[in-house]
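**Q** The structure that follows is given in the form of structure tokens.
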Amino acid sequence: MASALRTLTRLMGWACVMIGLFHVALGNAAIPGAGSAGATVDSWGRFMGACFAGYGLAWLWAARQRPIPARTVRWLAGVFLLGGVGRLLSLAVHGWPQGFQVALTAVELALPPVFFWLSDAEERSLRTEADAVAVGR
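Numbers 4 to 140, taken from our numbering, label the letters of the sequence shown in order.
Next up, the structure:
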């Protein structure tokens with residue numbers, strides 16, 4: 004499970020960095036269904052893309068730690084879950100968005116519980132190894 008956590012943490016980091024940079028570069032064109040939403044939405048979208056790229060860098064930072072800090076994974080997964088909840092609120096207020104946005108909502112609601120479950124996998128694995136070494140002395 005520790006290797007699954009490390010792999011998912013890296014994938015999450017790189018995916019968020021790439022998606023964020025995509026939004027910085029393309030603005031409204033990066034958002035399916037946004038069309039010509041105007042300069043204000045374009046500016047906001049590019050800014051949020053930069054924030055999302057930074058969020059991805061936080062995942063990559065966590066992936067480089069030994070062990071991957073469980074608390075950090077839980078916080079980052081919680082932020083991702085909050086994004087999914089925000090999409091649900093939008094759905095309740097404004098109705099169904101473009102189909103790709105619905106798929107993203109599903110990912111944003113399904114993936115955090117996996118991270119919560121795996122969050123301490125590497126810390127637990129290292130504790131188990133340390134206990135085994137201590138018993139073997």
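The beta-carbon is built from N, C-alpha and C at its ideal position, and this holds for glycine as well.
Since the model is a prediction, treat every value here as computed from it, not as a measurement.
Quick check: the region 24-38 against the region 46-58, are at least 3 beta-carbon pairs closer than 8 Å?
**A** As far as the Cβ criterion goes, the region 46-58 touches the region 24-38, which means the pair count is three or higher.
**Q** Using the rule of at least 16 other Cβ atoms within 10 Å of the residue's Cβ for burial, across every protein chain shown, is T10 buried or exposed?
**A** exposed
**Q** M21 by DSSP, collapsed to three states: which one?
**A** If DSSP states are grouped into helix, strand and coil, M21 belongs with the helices.
**Q** For the alpha helix (DSSP H) holding R74, just list the boundary residues, first then last.
**A** Where R74 is concerned, the enclosing alpha helix (DSSP H) stretches over 73-97.
**Q** Straight-line CA distance for T12 to F119?
**A** Between T12 and F119, the C-alpha separation is close to 12 Å.
**Q** Rounded to whole angstroms, what is the Cα-Cα separation between V20 and T131?
**A** 33 Å
**Q** At what residues does the alpha helix (DSSP H) containing S122 begin and finish?
**A** That residue, S122, is in no alpha helix (DSSP H); it is neither H nor E in DSSP.
**Q** Quick one: using the 10 Å Cβ neighbour count with 16 as the cut-off for buried, is G57 buried or exposed?
**A** exposed
**Q** May I have the straight-line CA-CA distance separating G87 from S128, to the nearest angstrom?
**A** 30 Å
**Q** Could you say if the region 71-91 and the region 103-121 meet the contact criterion of at least three C-beta pairs nearer than 8 Å?
**A** Judged by pairs of C-beta atoms under 8 Å, the region 71-91 touches the region 103-121, as three or more such pairs exist.
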